[in-house]
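Here the structure comes first, spelled out in structure tokens, and everything after it is commentary.
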Amino acid sequence: MRETKTSSPLLIALAWLLVGLPLSWGIYKSALNAVKLFQSAAPAAAAPAATKAPAATK
1 MRETKTSSPL LIALAWLLVG LPLSWGIYKS ALNAVKLFQS AAPAAAAPAA TKAPAATK
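Just so we're aligned, residue 1 is where the sequence shown starts under the working numbering, counting upward by one.
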């Protein structure tokens with residue numbers, strides 16, 4: 001019968017950190033950007049309308 005090797009719990013924890021930290025950072029940043037989509041923006045101050053330059057007459 002073959003002898004089975006067991007993984008170190010510390011190695012497993014480090015592997016999960018290696019994957020989990022960037023994953024959680026990405027989810028956090030995505031959530032911040034998603035919140036921006038659902039927030040109602042305050043009405044912007046009306047900017048003066050661009051006026052047309054008078055047509056040149058000959």
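Built from N, CA and C at the ideal position, the CB exists for glycine as well.
Since the structure is predicted, the reported quantities are computational estimates derived from the model, not experimental observations.
* Asked: How many Å lie between residue 9 and residue 23 at the Cα?
  -> By one-based count along the sequence shown, residue 9 stands at place 9. By one-based count along the sequence shown, residue 23 stands at place 23. Their backbone Cα atoms lie some 21 Å apart in a straight line.
* To do: Grab the span of the alpha helix (DSSP H) containing residue 29 for me, first residue to last.
  => Within the sequence shown, the letter at position 29 stands for residue 29. Residue 29 -> alpha helix (DSSP H) spans 9-38.
* What's the gap between the Cα of residue 20 and the Cα of residue 12? -> If you number the sequence shown from 1, residue 20 lands on position 20. If you number the sequence shown from 1, residue 12 lands on position 12. Looking at the two C-alpha atoms, the distance is approximately 12 Å.
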